[in-house]
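Colleague: Dropping a structure here in structure tokens format, bear with me for questions.
Following this line, the structure appears as structure tokens:
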């Protein structure tokens, strides 16, 4: 068998896996934003009928997975593996979502890059010949994230201008070895990039250099120009991080006109008072499985580069004076198998 | 390409990847235990020269990786991917260990099953044709785990009889597509098993049913009897969990005479006052990369079944009254490529 590696970081799939189903679940605020029409289920009080926000987050993952399986016309028993992760300590949203589902499970931690990480590994698993069906999913919940990372909601803490708003949402993709697409054709696996940003309330700035490096590696490894893609989407740098990515490319003489960010797309930042935009694993997961993949199915875009970005910090690392390491995994999705 | 799946959960590698290097680093207490001679580096004060226990844990991972690469006669630049995880919130031990290493990175969370999870994914990556070299690693640190999961050391809390002692240790394996072995021949990917154990101080009992289920699946999927293996090792159920596994197999009429557990092997439970034995990602990582793989190289064992066991709880899930979900990934390692 010959290697499928292109350059140092990119894989070109020999038999690109097909996205057979995708679904999402979001909270009330997300359902009031510009992408409302693209969500499968919008909960009105963010509890999803559960007794805690953490359990609500697990419920979202279960609902998204079930819905994605339904759309793929498959049952959970079909899945060879599931890859899932979230932001909670010890990733309990995912473990408790998958518990009882009887599916071989790989737990991931990639912060907000998790949707891209899970999609990459699921695609590798299928193209590598290790199964026929995989699921990839991720979630975040504003209320569970606030009390874990920042302050309990009851505290009413003031947000900094560069802060982002953790999305209450989950997204799941069901991937098949064979199918009608859209297809996962390439994956560029990110390295950890740390430019010394120490402000945990400015994650866009911390993650933007990682996005720039993975995008640059992707273009170099594949020989593709940015213009090959109808849309390049990072998730979730927010408005400040998005500006930094545009600036970094402009310094290289590249004008990214086809570029946006899930954190900017999901909210109307002004009207919804979310400062720099959305964040959290659930942000890019919900935007991918709604707006983006729906758009591809509707013929809006043929070639998409989906770039999950993660800030690999913890409250402890910040308290110990550490800077914020960033990572970005880029996944090329095409309506054409040879895309 | 035909699938390499055997049954529902097991993969048989077409071209079993070779373990080119393996190394570990442990703390003082581990260095006073029965496996002392198998450790590459024993630190005398558990700080590894760092200012915090969390940074010490990162330092252990870096040292173990560097040493494993040295033994494999490779540099970090050779690695196509690194898979790593730990027990700290947001897996910062791994992220900060890999930062600056310029290696495409997949972050994992599998609790104490992480060494087996990372080895499984690394082997799949190579056998799938996505690269030539991978690293898999995991760590834990008694002091960082105590203050995060239980109480700060200064509190001097009393330990329950069923408690295990988190190992201060890290282990790293460098895996190659081609080489002289030992070889990773099979992997059985675990499902989440939860039998309703709610005592977070009795993780052996919570994880034992997952170990039993994955072992049973492995034997059924491969058609191998337990006696095929010279040694079957779980990591880390401790003495109580080990007894439960033996009991469960005895009910099936199977007498596991070739079975042990990393948590029982690493400490002298009586003399070192560790109650039910060792635990933590670093336990099975250090035992695999020392005692077990050294033993295989010395001709002690030809066929080994290494079963990483994880308890997928968090302090939050326990406080919210949840039971403890367990998982177990089983990895078959052989001195023979066709083993």
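Chains as they are written, first to last, in the numbering used here: chain A, 12 to 350; chain B, 12 to 350. Here a beta-carbon is modelled for each residue, glycine too, at the ideal position from N, C-alpha and C. This structure is a prediction, so every number in the text was calculated from the model and none was measured.
(1) Anyone know if the C-beta pair for residue 324 (chain B) and residue 101 (chain A) falls short of 8 Å?
(2) In chain order, what residues of the same chain lie with their CB nearer than 7 Å to the CB of residue 298 (chain A), ignoring the 5 residues before and after it?
(3) In three-state DSSP terms, what is residue 145 (chain A)?
(4) Since residue 327 (chain A) contacts residue 103 (chain B) with CB under 8 Å, what's their CB separation in whole angstroms?
(5) Examine chain B for any beta-carbon lying closer than 8 Å to the beta-carbon of residue 8 (chain A), and answer yes or no.
(6) Taking 6 Å as the limit between beta carbons, can you name the residues of its chain near residue 260 (chain A), skipping five residues before and five after?
(7) Name the residue from B:158, B:61 and B:140 whose alpha carbon lies nearest to the alpha carbon of residue 166 (chain B).
(8) Going by C-alpha to C-alpha distance, which of B:94, B:19 and B:121 sits closest to residue 337 (chain B)?
(9) Chain B beta carbons: is any one of them nearer than 8 Å to that of residue 128 (chain A)?
(10) Just by C-beta distance, which residues in the region 79-103 of chain B are closer than 8 Å to chain A?
(11) For residue 202 (chain B), tell me which candidate among B:322, B:36 and B:32 has the shortest Cα-Cα distance.
(12) Can you pull the chain A neighbours of residue 77 (chain B), defined as C-beta to C-beta under 9 Å?
(13) Using the three-state DSSP reduction, which class does residue 229 (chain B) fall into: helix, strand or coil?
(14) Compile a chain-ordered list of the residues in the region 331-346 of chain B whose CB is closer than 8 Å to at least one CB of chain A.
(15) Tell me, which residues are paired with residue 91 (chain B) by DSSP?
(16) Could you run through the region 106-120 of chain A and flag, in chain order, every residue whose CB is less than 8 Å away from some CB of chain B?
(17) When you compare the CB positions of residue 177 (chain A) and residue 290 (chain A), do they come within less than 8 Å of one another, or not?
(18) Check each candidate in A:89, A:332, A:116 and A:66 and name the one with the smallest Cα separation from residue 187 (chain A).
(19) Within the 8 Å Cβ cut-off, does residue 67 (chain B) reach chain A?
(20) Can you say whether residue 56 (chain A) is buried or exposed, counting buried as having 16 or more other CB atoms within 10 angstroms of its CB?
(21) When you compare only the Cα positions, how much space is there between residue 381 (chain B) and residue 262 (chain A)?
(22) Any residues in the region 201-229 of chain A with a beta carbon nearer than 7 Å to a beta carbon of chain B? Which ones, in chain order?
(23) Quick check for students: name the residue ranges of the beta strand (DSSP E) that lie wholly in the region 137-200 of chain A, counting only runs of 3 or more.
(24) Name the chain A residues whose beta carbon is nearer than 7 Å to that of residue 22 (chain B)?
(25) Is there a Cβ of chain A sitting closer than 8 Å to that of residue 327 (chain B), yes or no?
(26) Measure from the alpha carbon of residue 252 (chain B) to the alpha carbon of each residue in B:270, B:52 and B:144, then state which is nearest.
(27) Can you tell me where the beta strand (DSSP E) with residue 339 (chain B) in it begins and where it stops?
(28) In the DSSP assignment, find the unbroken beta strand (DSSP E) run with residue 315 (chain B) in it and report its ends.
(29) Using only alpha-carbon positions, find the residue among A:155, A:20, A:205 and A:127 that is nearest to residue 143 (chain B).
(30) Quick test of the definition: if touching needs 3 or more C-beta pairs under 8 Å, does the region 214-233 of chain B touch the region 20-34 of chain B?
(31) Under a Cβ-count criterion, where at least 16 other Cβ atoms within 10 Å of its own Cβ denotes burial, should residue 199 (chain B) be classed as buried or exposed?
(32) Would you tell me roughly how many angstroms separate the C-alpha atoms of residue 10 (chain A) and residue 213 (chain B), rounded to the nearest one?
(33) Show which residues of chain B have a CB atom less than 8 Å away from the CB atom of residue 135 (chain A).
(34) Let me check understanding here. Comparing Cα to Cα, which of A:195, A:33 and A:287 lies closest to residue 317 (chain A)?
(35) Apart from the five residues on each side of it in sequence, which residues of its chain come closer than 8 Å, Cβ to Cβ, to residue 265 (chain B)?
(36) For residue 109 (chain B), which of helix, strand or coil comes out of DSSP?
Modeller: Concretely, from the data shown:
(1) The residue given as residue 324 (chain B) occupies position 313 in the second chain. The residue given as residue 101 (chain A) occupies position 90 in the first chain. Against a cut-off of 8 Å, the Cβ pair of residue 101 (chain A) and residue 324 (chain B) comes out as a contact.
(2) Locating residue 298 (chain A) in the first chain gives position 287, counting from the first residue. Same-chain partners within the cutoff: 46, 246, 273, 276 and 277.
(3) Position 134 of the first chain, counted from the start, is the residue given in the question as residue 145 (chain A). Residue 145 (chain A) falls in the strand class under three-state DSSP.
(4) Counting from 1 along the first chain, the entry for residue 327 (chain A) is found at position 316. Counting from 1 along the second chain, the entry for residue 103 (chain B) is found at position 92. Right, the Cβ-Cβ distance comes to about 7 Å (below 8 Å), so this counts as a contact.
(5) In this structure chain A extends from 12 to 350, so residue 8 (chain A) is not present and cannot be described.
(6) Taking the first chain and counting its residues from 1, the one referred to as residue 260 (chain A) is at position 249. Only residues of its own chain outside the window of five on either side were considered, and among them 267 have a CB closer than 6 Å to the CB of residue 260 (chain A), listed in chain order.
(7) Counting from one through the second chain, the residue named residue 166 (chain B) turns up at place 155. Ranking B:158, B:61 and B:140 by Cα distance to residue 166 (chain B) puts B:158 first.
(8) As a first step, residue 337 (chain B) is located in the second chain; it is residue number 326 there, counting from the start. Among B:94, B:19 and B:121, the Cα nearest to that of residue 337 (chain B) is on B:121.
(9) To locate residue 128 (chain A), count along the first chain from 1; it is residue 117. Output row for residue 128 (chain A): interface = yes.
(10) Residues of the region 79-103 of chain B with a C-beta atom less than 8 Å from some C-beta of chain A are 91, 92, 96, 98, 99, 100, 101, 102 and 103, listed in chain order.
(11) Here residue 202 (chain B) corresponds to residue number 191 of the second chain, with the count starting at 1. The residue with the shortest Cα to Cα distance from residue 202 (chain B) is B:322.
(12) Working through the second chain from its first residue, we reach residue 77 (chain B) at position 66. Within chain A, no residue has its CB atom less than 9 Å from the CB of residue 77 (chain B), the nearest being about 16 Å off.
(13) Position 218 of the second chain holds residue 229 (chain B). Secondary structure of residue 229 (chain B) (DSSP, three-state): helix.
(14) The region 331-346 of chain B vs chain A, Cβ under 8 Å: 331, 333, 336 and 338.
(15) Mapped onto the second chain, residue 91 (chain B) falls at position 80. Partner(s): none; residue 91 (chain B) has no beta bridge.
(16) Cβ contacts with chain B: 106, 107, 109, 110, 111, 112, 113, 114, 115, 116, 117, 118, 119 and 120.
(17) The residue labelled residue 177 (chain A) in the question sits at position 166 within the first chain. The residue labelled residue 290 (chain A) in the question sits at position 279 within the first chain. Their beta carbons are under 8 Å apart, which means residue 177 (chain A) touches residue 290 (chain A) by this criterion.
(18) In the first chain, counting from the first residue as 1, residue 187 (chain A) sits at position 176. Nearest C-alpha to residue 187 (chain A): A:89.
(19) On the second chain, position 56 is the one that residue 67 (chain B) refers to. No - not a single Cβ of chain A is within 8 Å of the one on residue 67 (chain B).
(20) Working through the first chain from its first residue, we reach residue 56 (chain A) at position 45. Exposed: under 16 other Cβ atoms inside 10 Å.
(21) Residue 381 (chain B) lies beyond the residue range present for chain B, which begins at 12 and ends at 350; the question has no answer from this structure.
(22) Answer in chain order: 201, 202, 203 and 205.
(23) Qualifying beta strand (DSSP E) stretches, in chain order: 144-151, 180-187 and 194-199.
(24) Along the second chain, one-based indexing puts residue 22 (chain B) at 11. In chain order: 141.
(25) Position 316 of the second chain, counted from the start, is the residue given in the question as residue 327 (chain B). It does: the Cβ of residue 327 (chain B) has a partner Cβ on chain A nearer than 8 Å.
(26) Position 241 of the second chain, counting from 1, holds the residue named residue 252 (chain B). Closest option to residue 252 (chain B), judged by alpha-carbon separation, among B:270, B:52 and B:144: B:270.
(27) Against the second chain, residue 339 (chain B) aligns to sequence position 328. Counting along the chain, the beta strand (DSSP E) containing residue 339 (chain B) begins and ends at 337-345.
(28) Working through the second chain from its first residue, we reach residue 315 (chain B) at position 304. Note, residue 315 (chain B): beta strand (DSSP E), 314-322.
(29) For the purposes of this step, residue 143 (chain B) is taken as the residue at position 132 of the second chain. Measuring C-alpha to C-alpha distances from residue 143 (chain B) to each of A:155, A:20, A:205 and A:127 identifies A:20 as the nearest.
(30) Cβ pair count under 8 Å is three or more, so yes.
(31) As a first step, residue 199 (chain B) is located in the second chain; it is residue number 188 there, counting from the start. When all chains shown are included, residue 199 (chain B) counts as buried.
(32) One cannot answer for residue 10 (chain A) here, as it falls past the ends of chain A, which runs 12 to 350.
(33) Counting from 1 along the first chain, the entry for residue 135 (chain A) is found at position 124. Those within 8 Å of residue 135 (chain A) in chain B are 135, 136, 139 and 141.
(34) Residue 317 (chain A) sits at position 306 when you count from the first residue of the first chain. Out of A:195, A:33 and A:287, A:195 has the C-alpha closest to the C-alpha of residue 317 (chain A).
(35) If you number the second chain from 1, residue 265 (chain B) lands on position 254. Contacts found: 237.
(36) Counting from 1 along the second chain, the entry for residue 109 (chain B) is found at position 98. The answer is helix: DSSP assigns residue 109 (chain B) an H, G or I state.
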